[in-house]
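Student: Have a look at the structure that comes next, please.
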Amino acid sequence: MILGLVSLNALLAQRSFRIDDLRGRIAVLSQEQLELRHEQATLSAPGRIAEWAHRHGMRLPDDIRSLHMPSKGATAAPAGAADLDLKTLKEALEAVT
Amino acid sequence: MSRPPIRRLVGLFCCLSLAFGTIVVRLVVLQVNQAGALQTRALDQRLREVELPAWRGEILDRSREPFALSIEARDVYADPRFVDDPWNTAVTIAPILGIEVGDLLPKLTAETTFVYLARQVGLDVAGRLEALNLPGIGFLAVSKRVYPAGPLAPQVVGFANIDGVGISGLELQYQSLLAGKPGERTQELAEDGRSIAGGIHVEIPPVPGSDLVCTIDRYFQYQVQAALEEAVRQNHALGGTVVVMDPQTGEILAMASYPWFDPNAPGDARPATWRNKAITDAWEPGSVNKVITAAAAVQEHALPLNQRIAVPDQMQVGTFTIHDSDPHPVEQMTLGDIIAQSSNMGAVLVARRLGSTELANYLSLFGLGRTTGVGFPGESPGIVLPVDRWTDASLATIAYGQGISVTPLQMISVYATIANGGEWVQPRLVKGWISSDGTYHPAPASQTRRVVSEETAHMVTRMLAYAVQAGTGTAAQIPRYQVAGKTGTARIPLPNGSGYFTDRSIASFIGFLPASAPRVVIAAILDRPATVYGGIAAAPLFRQIARYAIERLSIAPGRSLRLPPHALPVP
Chain A
1 MILGLVSLNA
11 LLAQRSFRID
21 DLRGRIAVLS
31 QEQLELRHEQ
41 ATLSAPGRIA
51 EWAHRHGMRL
61 PDDIRSLHMP
71 SKGATAAPAG
81 AADLDLKTLK
91 EALEAVT
Chain B
98 MSRPPIRRLV
108 GLFCCLSLAF
118 GTIVVRLVVL
128 QVNQAGALQT
138 RALDQRLREV
148 ELPAWRGEIL
158 DRSREPFALS
168 IEARDVYADP
178 RFVDDPWNTA
188 VTIAPILGIE
198 VGDLLPKLTA
208 ETTFVYLARQ
218 VGLDVAGRLE
228 ALNLPGIGFL
238 AVSKRVYPAG
248 PLAPQVVGFA
258 NIDGVGISGL
268 ELQYQSLLAG
278 KPGERTQELA
288 EDGRSIAGGI
298 HVEIPPVPGS
308 DLVCTIDRYF
318 QYQVQAALEE
328 AVRQNHALGG
338 TVVVMDPQTG
348 EILAMASYPW
358 FDPNAPGDAR
368 PATWRNKAIT
378 DAWEPGSVNK
388 VITAAAAVQE
398 HALPLNQRIA
408 VPDQMQVGTF
418 TIHDSDPHPV
428 EQMTLGDIIA
438 QSSNMGAVLV
448 ARRLGSTELA
458 NYLSLFGLGR
468 TTGVGFPGES
478 PGIVLPVDRW
488 TDASLATIAY
498 GQGISVTPLQ
508 MISVYATIAN
518 GGEWVQPRLV
528 KGWISSDGTY
538 HPAPASQTRR
548 VVSEETAHMV
558 TRMLAYAVQA
568 GTGTAAQIPR
578 YQVAGKTGTA
588 RIPLPNGSGY
598 FTDRSIASFI
608 GFLPASAPRV
618 VIAAILDRPA
628 TVYGGIAAAP
638 LFRQIARYAI
648 ERLSIAPGRS
658 LRLPPHALPV
668 P
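Quick mapping for you: the protein sequence lines, in order, are chains A and B. For the first sequence, this note's numbering assigns the number 1 to the initial residue and increments by one for each residue that follows. For the second sequence, this note's numbering assigns the number 98 to the initial residue and increments by one for each residue that follows.
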């Protein structure tokens, strides 16, 4: 019985050391996660990206054209809409080339 | 002659019995009678209760990118009783902390048991100090609020003080939500401060604060700030304000007031720059207010849309003479012309047909003179005189936006109402919040109210589109897109209220696009630009932001509204 109690006590002590270790590891990983989150947020800040891009000779385009195609389930397009889309597409392609 | 031994023994026995009896009685008193109280006192001496601070929630943009977050840091303190050599200690730690030796030395020699040497220092700095193992120098684990994007929407986000309490902006408005609930640790400690093995150890964990998801798009916000800063510089203005809003939901996509500040170091900036002027500051709106006069006139059929009225360039109102910005002969104008050409006299004539009560009613319906409900700290309701105090001059000047004051947020909400088919939507800065268990809670939907009919809103939109096509707002035109908007040039009142500065004004342009199915409303306001005309100063700023909105929000051009042919001025 004494042997059993001693073994149980040793087992509990061992578990508590393991729990302490894991708590410490959680604390370290949490801190690391916070630091990485901060770093990621800082690096992805729009101002930093814009500054980096500017330093590397990039600039915002003067004119951006988006082509908006009618959705598949769209109802009847107004007369001339298809021609208009083709015309816009042609204009956009000409602008690009 | 000596006493017999037996009597001495009896005497001694009695004395000892008395002594033992006293001890027994005292023991009974201590162990039985006072046992509970003494045990409690002893436990109180051993127990220590420590508050466990809750981790402050983050403030995120609409894509859940952080505006504000907390990181671990250390407070460095000293117990001067245990500092062996104050001079050498100060010389050693001063360069690490970046503090002058002269500032540290008095703290290290102070007659106290605790003094802060530095607060919220980085873990790397604290680690270097800890490695020195200096006697009397200690460290406290704390959190530090940081704003990784720097001066991005600082007046909206606000900032928290060194103790993690919100001081301005959303940090203040949502203090209780962000702060969470502190926990508590109760443990039995020995005399030397170490935990007693097997002793009491109870811990109530803190509940971390919720993360706040706001409506701002931080990439859009950056572009808005860059455009605003450039416009202020180009126009030699004192400052400026821009608000970008989704008219259907009332969500604010960007909100900037120049000059701004870096929330990581708010103390380096003037406190005036902390204010979110789009919400806290009211200004006399000038001609952008004519949209209310026009909407009221259309709704109340005060002036048939195709009717022309004779508009002079000046008129007498009571003892005042009011006039248009430029002299012109008497012109025959429709309501559309009055808006397009931004005629003050025309607006006055329309307002007279409406009457004070009706105009005041529409000002109120559009939300002027009261807060918007956004709940932002320090929100101004603006100033609108009660209608019973209006004079003829009040009716005349309010018709074209002088004699009242509004916030930029109120005014953009007016245009959002027109863009939204006549229904006012309460503006909002918060989409929702994420509680500590990861559950997302959307904010309640914005309140709405019908202000004018859909037909009226549609007609006013056509007038605003006409103002951009052929009126004072041509500088806001964007190829392939039909923009609806209005210029404003507001004069600034003299401090004594006796009139207006002749050389100072606030230029504005508020509009939306595409006119047929508005996706975004933009208010661009410049404070005291070199030129006094809103069309020249603020419309190009509007255009630049609108072009970025088209790209960012993938806005399709939409169909063009047919502009009223009768709106052309009669030669």
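From the three backbone atoms N, C-alpha and C, an ideal C-beta is built for every residue, glycine too. Predicted model, so just to flag it, every value in this text is computed and none were measured.
#1: How long is the line joining the alpha carbons of ALA126(B) and GLY133(B), rounded to whole angstroms?
#2: If you draw a straight line from the C-alpha of ARG659(B) to the C-alpha of VAL408(B), how long is it?
#3: Looking at the unbroken beta strand (DSSP E) that takes in ARG546(B), where does it start and where does it end?
#4: Does PRO409(B) come out as helix, strand or coil in the three-state DSSP assignment?
#5: If you pair each beta-carbon of the stretch 446-453 of chain B with each one of the stretch 582-598 of chain B, do three or more pairs fall below 8 Å?
#6: I need the DSSP call for THR504(B), collapsed to helix, strand or coil.
#7: Taking the alpha-carbon positions, what's the PRO344(B) to THR469(B) distance?
#8: With H, G and I counted as helix, E and B as strand and the rest as coil, what does DSSP make of TYR271(B)?
#9: Does DSSP put VAL511(B) in a helix, in a strand, or in coil?
#10: CB-CB under 6 Å to ALA634(B), same chain, minus the five flanking residues each way: which ones, in chain order?
#11: Could you name the residues of the same chain whose beta carbon sits closer than 6 Å to that of ALA612(B), not counting the 5 residues immediately before and after it, in chain order?
#12: Find the nearest neighbour of LEU446(B) within the set ASN458(B), TYR459(B), LEU432(B), judged by alpha-carbon distance.
#13: How would you label GLN404(B), buried or exposed, when you count the other beta carbons within 10 angstroms and need 16 or more for buried?
#14: Could you have a look at ALA76(A) and say whether DSSP puts it in helix, strand or coil?
#15: What is the residue span of the beta strand (DSSP E) that ALA238(B) lies within?
#16: Identify each residue in the stretch 8-41 of chain A for which the Cβ-Cβ distance to at least one residue of chain E is less than 8 Å, and report them in chain order.
#17: How would you call ILE26(A), buried or exposed, if buried means at least 16 neighbouring beta carbons within 10 angstroms?
#18: So, at 7 Å on beta carbons, what are the nonlocal neighbours of THR209(B) in its own chain, with the 5 sequence-adjacent residues on each side left out?
#19: Throw me the rounded Cβ distance for the VAL304(B) and THR283(B) pair, which I believe falls under 8 Å.
#20: Using DSSP with H/G/I as helix, E/B as strand and the rest coil, what is ILE619(B)?
#21: Counting only runs that start and end within the stretch 506-592 of chain B, where is the beta strand (DSSP E) found for 3 or more residues in a row?
#22: Please identify the residue among PRO279(B), TYR213(B), THR418(B), PHE256(B) whose C-alpha is closest to the C-alpha of ILE360(B).
#23: Residue ranges of each alpha helix (DSSP H) run of no fewer than 4 residues wholly in the stretch 268-343 of chain B, ordered along the chain?
#24: Just the chain A side, please: which residues come within less than 9 Å of ALA246(B) by C-beta, in chain order?
#25: Grouping DSSP H, G and I as helix and E and B as strand, with all else coil, what is PHE598(B)?
#26: How big is the Cα-Cα spacing for ALA76(A) and ALA646(B)?
#27: Under the assumption that PRO505(B) contacts ALA375(B) (Cβ atoms under 8 Å), give the Cβ distance between them as a whole number of angstroms.
#28: Taking only three categories from DSSP, how would you classify GLY608(B)?
#29: Identify which residue in GLY233(B), ILE619(B), VAL180(B), ILE575(B) has its Cα closest to the Cα of ALA516(B).
#30: Anyone know if the C-beta pair for VAL511(B) and VAL388(B) falls short of 9 Å?
#31: Look up TRP357(B) in the DSSP assignment and give the residues it is bridged to.
#32: With H, G and I counted as helix, E and B as strand and the rest as coil, what does DSSP make of ALA139(B)?
#33: Is the Cβ of ARG59(A) closer than 9 Å to any Cβ of chain B?
#34: Can you pull the chain A residues whose beta carbon is under 8 Å from the beta carbon of LEU237(B), in chain order?
#35: Is SER292(B) closer than 9 Å to GLU281(B) when the C-beta atoms are compared?
#36: So, is GLY594(B) buried or exposed, given that buried needs 16 or more other C-beta atoms within 10 angstroms?
Tutor: Put simply:
#1: At residue 126(B) the sequence reads Val, which differs from the Ala that was named. Between VAL126(B) and GLY133(B), the C-alpha separation is close to 11 Å.
#2: 25 Å
#3: 545-547
#4: coil
#5: no
#6: coil
#7: 14 Å
#8: coil
#9: helix
#10: ASN332, ALA604, LEU623, PRO626, THR628
#11: THR558, ALA562, GLN579, ALA581, LEU658
#12: LEU432(B)
#13: exposed
#14: Low confidence applies here, because ALA76(A) scores a pLDDT of 45, under 50, leaving its location unreliable and the question unanswered by this model.
#15: 234-243
#16: The chain inventory of the structure shown lacks chain E, comprising the protein chains A and B.
#17: exposed
#18: PRO177
#19: In fact, because the Cβ distance is near 17 Å, the residues do not count as touching under 8 Å.
#20: strand
#21: 520-522, 527-531, 537-539, 545-547, 581-590
#22: Inspection of the sequence shows that residue 360(B) is occupied by Pro rather than by Ile. Among PRO279(B), TYR213(B), THR418(B), PHE256(B), the Cα nearest to that of PRO360(B) is on PHE256(B).
#23: 272-276, 315-331
#24: ALA41, THR42, SER44, ALA45, PRO46, GLY47, ARG48
#25: strand
#26: Caution applies to ALA76(A), whose pLDDT of 45 falls short of 50 and renders its modelled position unreliable; the value that the coordinates give is listed next. Those two C-alpha atoms are separated by around 28 Å.
#27: 4 Å
#28: strand
#29: ILE619(B)
#30: yes
#31: DSSP, once it has assigned bridges, lists no residue as partnering TRP357(B).
#32: helix
#33: no
#34: Here the premise fails: no neighbours, minimum Cβ distance about 15 Å.
#35: no
#36: exposed
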